[in-house]
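Visitor: In the order they appear, the protein sequences are chains A and B. Under our numbering, the first residue of the first sequence is numbered 1, with each subsequent residue one higher. Under our numbering, the first residue of the second sequence is numbered 1, with each subsequent residue one higher. I have a structure here, written as structure tokens, and I will follow up with some questions on it.
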Amino acid sequence: MALVIAGVLVVASVVGLPPYPLHIMIVILFWAFTYTGWSLMGRFGLVSLGHGAFMGIGAYVTALLWNYAGMTPWLGIPIALACAMLLAVVVGYPCFRFRITGHYFALVTLALSEVVRQTIIATRDHTGGSLGFTPTPKGNDGTPSIIALQFDEKETWFVIAVVVWLVGLAIWRLVDRSMIRYALDAISEDEDSAAAAGINVTREKLKITMISAVMTALGGALYMQYQLFISPDTVSGIAISLQIVFAVVTGGIFVQLGPTFGAVITLLLAEILRVQIGTDAVGLDNAIYGIALVLFIIFLPKGILGSLIGRFAARRS
Amino acid sequence: MGRLDTGRILVTLAVIMFACLAYVPTILREGDIVFALTDVYLYETMINGLLLGGVLALLSLGLNLIFGVIDVVWICYAEVVMLGMYAIFYCHTVFGLPLIPSMMIGIALTAVLGYAIHYLVIRHLVNAQPINQLLATGGLLFFFQSAATLAFGIEFRNLGVSLGSFALIQDIYVSWARLAAFATAAVCVFALYLFLTRSYMGTAIRAISQDREIMTLMGVQQGRMYLMTSAIGGGLAGLAACLLVLQYDVHPFVGLSFGPIAFMICVLGGLGNMVGGFIAAFIFSELIALGGYHFDIEWGYVFAFVFFIVMMFVRPEGLLGKRS
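Okay, here's the thing in structure tokens:
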């Protein structure tokens, strides 16, 4: 199923769409990957509002290494991912060890995403602070684009985005079919019983958190490489954390394509309203989005795609 | 006994940490202990931090009430404050009402808004998963922010009323607005405490926060109590708006700058524990003020948030909370 969709998408790129729709699709795919990364944790009741932190680290560490140390993103991205993973362990381990769950987990991770955002702003001498940060263009010293991981053609980016997105879906599927999924399902139902049944609660939670953090950081790094501009507000902080959570909830948190669906709906809604109404109605998209979200949570807690699939399955049986 | 001891150790540690944060950077920079101890601007910063604590305490008061009684996190609480600030701004500068009636209108509007939020949204989610409640109010956050952007634009608006400041001692200036916020916060904590412990309604609210099912059987109307609590919480948001609007510019995203701190104060203080919240507010404000004085204001926030995260590991039940 996923392969068919991927095939169609790749063909579409070869045919040569105009740059604008291509751009929208690339952005959607990158975000879909990040959202999928978040949903790996979110579906087990580990609602993190700290993924803005991981995304910010992925983007900024890669960009800073490139600008100041001249390190190619091929090395910079793995280092950034390692940093994000380390942060996930440093914050995640005590959280899980001391049984911080529910509201409290959400608020601790919320604090984490603000720590990263404020740190980026505070170190403005190097990161540019709120004004944002631009990685050095490859053309300046004639570095080949493959080393700088900067490509002029949108088609190249599209292929990268599709591949990364498919990898994200594959990871989702691997987790879905693994023992860790059963362990985490049990934990999300009842931690004490799960522990009594011999599940190492802390370790299982930590594993999924690390995977999720690394995926989010990769999403941030690639988004930075594509946009070639980042600011604390576009890749870190509470606003981004909430954006991630809400898009996933809108799409459907428990199904494989739910996060992707969420990315398509939310980003298209924003884009269509922006194009149709223009800058007179800045914020209209978020106003509609906010109300839709409240309605979804009250009436469709499984998300759009989750509910559609649920209804379809019920009709078939 | 064991808990008391850890409590003492924590207090001692906190005092030492505070002294370190206050004096060590200056000592390291100037190499002069006497200078560091007599630095006038440092003391001014501390006093202003204390007064900022009053603002933060007031800000988290309503949230704390709702959090403690209904057990719902209003992620959009700071946005209610923001709308209150706009209401006061419009009443005063656009419709030309005097300041005090404008503020009363602001408080009334936010109280109605609090009532509406509970009636329209939270009521349907009282028994839902905590995380769904959190996300629903998060949806409201987006809505309020964007609605404010649509209605009022993204410009920074200033009420244009300044209460000025006065010299406490030579070279130490204190702003009246902050002092007013501090005093209001202290009075409100006390009044809320009296309301919750001495009045019939307050007792019913506390009872229902302890056991939803049993109190319903005892004849307390859960829904009505929750609506009342939400309205009071909204009104307190309006009160915070009154004092914030005197000190800060209003813009649609102003909520994001102090919302997270308000939640953390509630949690750090111990859920629904007003006194704990009050203390937590001052800890946060001093961290922010001193961090801002020695380094950058952003580092102040970083210290405060890191402190919060560490405290959650050490005392997840909050400073004065009871372990459940």
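C-beta: ideal position from N, C-alpha, C; glycine also. On a predicted model such as this, the values are computed, not experimentally measured, just so you know.
#1: Distance, Cα to Cα, residue 59/A vs residue 130/A?
#2: Out of 117/B, 46/B, 44/B, 43/B, state which residue places its alpha-carbon closest to the alpha-carbon of residue 291/A.
#3: What span of residues does the alpha helix (DSSP H) with residue 167/B cover, start to end?
#4: Can you look up residue 133/A in the DSSP assignment and give me helix, strand or coil?
#5: If you count every other CB in all the chains shown that lies within 10 Å of the CB of residue 164/A, and 16 or more means buried, which is it?
#6: According to DSSP, residue 250/B sits in a beta bridge with which residue or residues?
#7: Can you tell me which residues form a DSSP beta bridge with residue 175/B?
#8: By how many angstroms is the C-alpha of residue 9/B removed from the C-alpha of residue 186/B?
#9: Do residue 59/B and residue 262/B have their C-beta atoms within less than 7 Å of each other?
#10: Measure from the alpha carbon of residue 234/B to the alpha carbon of each residue in 174/B, 218/B, 171/B, 67/B, then state which is nearest.
#11: Compare the C-beta of residue 291/A against all C-beta atoms of chain B and say whether one is closer than 7 Å.
#12: Taking DSSP as the reference, what is the three-state secondary structure of residue 302/A?
#13: Looking at the C-beta of residue 132/B, does it have a partner C-beta in chain A at a distance below 7 Å?
#14: Verify the CB distance criterion: does residue 299/B have a CB-CB separation below 7 Å to chain A?
#15: Considering residue 31/A, what are the terminal residues of the alpha helix (DSSP H) in which it resides?
#16: Tell me which residues share the same chain as residue 281/B and place their Cβ nearer than 7 Å to its Cβ, disregarding the 5 neighbours each side in the sequence.
#17: Per the contact definition of three or more C-beta pairs closer than 8 Å, is the region 103 to 118 of chain B in contact with the region 166 to 179 of chain B?
#18: Looking at chain B, which residues of the region 121 to 139 of chain A have a Cβ within less than 9 Å of any of its Cβ atoms?
#19: In whole angstroms, give me the CA-to-CA distance for residue 195/A and residue 96/A.
#20: Counting Cβ pairs, one atom from each stretch, are 3 or more of them under 8 Å apart for the region 254 to 270 of chain A and the region 34 to 41 of chain A?
#21: Assuming residue 316/B is part of the alpha helix (DSSP H), what are its boundary residues?
#22: Need the endpoints of the alpha helix (DSSP H) that residue 125/A sits in, please.
#23: Please go through the same chain and pick out, in chain order, the residues whose beta-carbon is closer than 8 Å to the beta-carbon of residue 163/B, but skip the five residues on each side of it.
#24: Starting from the beta carbon of residue 140/B, find every residue of chain A whose beta carbon is closer than 8 Å, and list them in chain order.
#25: Please classify residue 184/B as buried or exposed, where buried requires at least 16 other C-beta atoms within 10 Å of its C-beta.
#26: Is the beta carbon of residue 307/B less than 7 Å from the beta carbon of residue 94/A?
#27: Please list the terminal residues of the continuous alpha helix (DSSP H) segment that includes residue 264/A.
#28: Please report the straight-line C-alpha distance between residue 224/A and residue 133/A, rounded to a whole angstrom.
#29: Applying the 10 Å Cβ sphere with the 16-neighbour rule, what's the burial state of residue 169/B?
#30: Strictly by DSSP, which residues pair up with residue 230/A?
#31: Which chain B residues are close to residue 47/A, counting only those with a beta carbon under 7 Å from its beta carbon?
#32: On the CB-based measure, 16 or more other CB atoms within 10 Å of its CB, does residue 127/B come out buried or exposed?
#33: Please list, in chain order, all residues of the same chain as residue 140/B whose beta carbon is under 6 Å from its beta carbon, the five residues on each side excluded.
#34: Assign residue 165/A to one of three DSSP states: helix, strand, or coil.
#35: Could you check if residue 324/B is buried or exposed, using at least 16 other CB atoms within 10 Å of its CB as the buried criterion?
#36: What is the residue span of the alpha helix (DSSP H) that residue 293/B lies within?
Guide: On the basis of the supplied data:
#1: Residue mapping note: residue 59/A aligns to position 59 of the first sequence, counting from 1. Residue mapping note: residue 130/A aligns to position 130 of the first sequence, counting from 1. Answer to the nearest angstrom: the Cα atoms are 15 Å apart.
#2: For the purposes of this step, residue 291/A is taken as the residue at position 291 of the first sequence. Here the closest residue by C-alpha is 117/B.
#3: The residue given as residue 167/B occupies position 167 in the second sequence. Note, residue 167/B: premise wrong, no alpha helix (DSSP H); beta strand (DSSP E) at 165 to 169.
#4: Walking along the first sequence from the start, residue 133/A turns up at place 133. Residue state, collapsed to three classes: strand.
#5: Numbered from its first residue, the first sequence carries residue 164/A at position 164. By the 10 Å Cβ count, residue 164/A comes out buried.
#6: Here residue 250/B refers to the residue found at position 250 of the second sequence. Residue 250/B pairs with 157/B.
#7: Working through the second sequence from its first residue, we reach residue 175/B at position 175. BP columns for residue 175/B point to 165/B.
#8: One-based indexing of the second sequence puts residue 186/B at position 186. One-based indexing of the second sequence puts residue 9/B at position 9. Whole-angstrom Cα-Cα distance: 27 Å.
#9: Taking the second sequence and counting its residues from 1, the one referred to as residue 59/B is at position 59. Taking the second sequence and counting its residues from 1, the one referred to as residue 262/B is at position 262. The answer is yes: Cβ separation under 7 Å.
#10: As a position in the second sequence, residue 234/B is number 234, starting the count at 1. It is 67/B whose Cα lies nearest to the Cα of residue 234/B.
#11: Here the question's residue 291/A lines up with position 291 in the first sequence. Residue 291/A counts as touching chain B.
#12: In the first sequence, counting from the first residue as 1, residue 302/A sits at position 302. The answer is coil: DSSP assigns residue 302/A none of H, G, I, E or B.
#13: One-based indexing of the second sequence puts residue 132/B at position 132. By this cut-off, residue 132/B is an interface position.
#14: Locating residue 299/B in the second sequence gives position 299, counting from the first residue. Yes, contact with chain A.
#15: Here residue 31/A refers to the residue found at position 31 of the first sequence. 19 to 42 is the extent of the alpha helix (DSSP H) around residue 31/A.
#16: For the purposes of this step, residue 281/B is taken as the residue at position 281 of the second sequence. 53, 56, 57, 60, 265, listed in sequence order.
#17: no
#18: 121, 122, 123, 124, 129
#19: Locating residue 195/A in the first sequence gives position 195, where the first residue counts as 1. Locating residue 96/A in the first sequence gives position 96, where the first residue counts as 1. About 12 Å.
#20: yes
#21: Within the second sequence, residue 316/B is the residue found at index 316, counting from 1. No alpha helix (DSSP H) holds residue 316/B; DSSP gives it neither H nor E.
#22: For the purposes of this step, residue 125/A is taken as residue 125 along the first sequence, with counting starting at 1. Segment 124 to 127, the alpha helix (DSSP H) holding residue 125/A.
#23: Along the second sequence, read from residue 1 onward, the residue named residue 163/B stands at position 163. Hits under 8 Å: 175, 176, 177, 180, 246.
#24: Here residue 140/B refers to the residue found at position 140 of the second sequence. Correct list: 290, 294.
#25: The count along the second sequence starts at 1 and reaches residue 184/B at position 184. By the 10 Å Cβ count, residue 184/B comes out buried.
#26: Working through the second sequence from its first residue, we reach residue 307/B at position 307. Working through the first sequence from its first residue, we reach residue 94/A at position 94. The answer is no: Cβ separation not under 7 Å.
#27: By one-based count along the first sequence, residue 264/A stands at place 264. Looking at the DSSP string, the run of the alpha helix (DSSP H) that includes residue 264/A is 258 to 277.
#28: To locate residue 224/A, count along the first sequence from 1; it is residue 224. To locate residue 133/A, count along the first sequence from 1; it is residue 133. Their Cα atoms are separated by approximately 10 Å.
#29: To locate residue 169/B, count along the second sequence from 1; it is residue 169. When all chains shown are included, residue 169/B counts as exposed.
#30: On the first sequence, position 230 is the one that residue 230/A refers to. Residue 230/A pairs with 133/A.
#31: Locating residue 47/A in the first sequence gives position 47, counting from the first residue. Per Cβ cutoff of 7 Å: 131.
#32: Counting from one through the second sequence, the residue named residue 127/B turns up at place 127. Answer is exposed; the Cβ neighbour count stays below 16.
#33: In the second sequence, the residue the question calls residue 140/B occupies position 140. Cβ neighbours of residue 140/B beyond the five flanking positions: 76.
#34: To locate residue 165/A, count along the first sequence from 1; it is residue 165. Helix, per DSSP.
#35: By 1-based counting over the second sequence, the position of residue 324/B is 324. In this predicted model, residue 324/B has a pLDDT of only 46, less than 50, meaning its place in the structure is not dependable enough to derive any value.
#36: Within the second sequence, residue 293/B is the residue found at index 293, counting from 1. Its alpha helix (DSSP H) spans residues 274 to 294.
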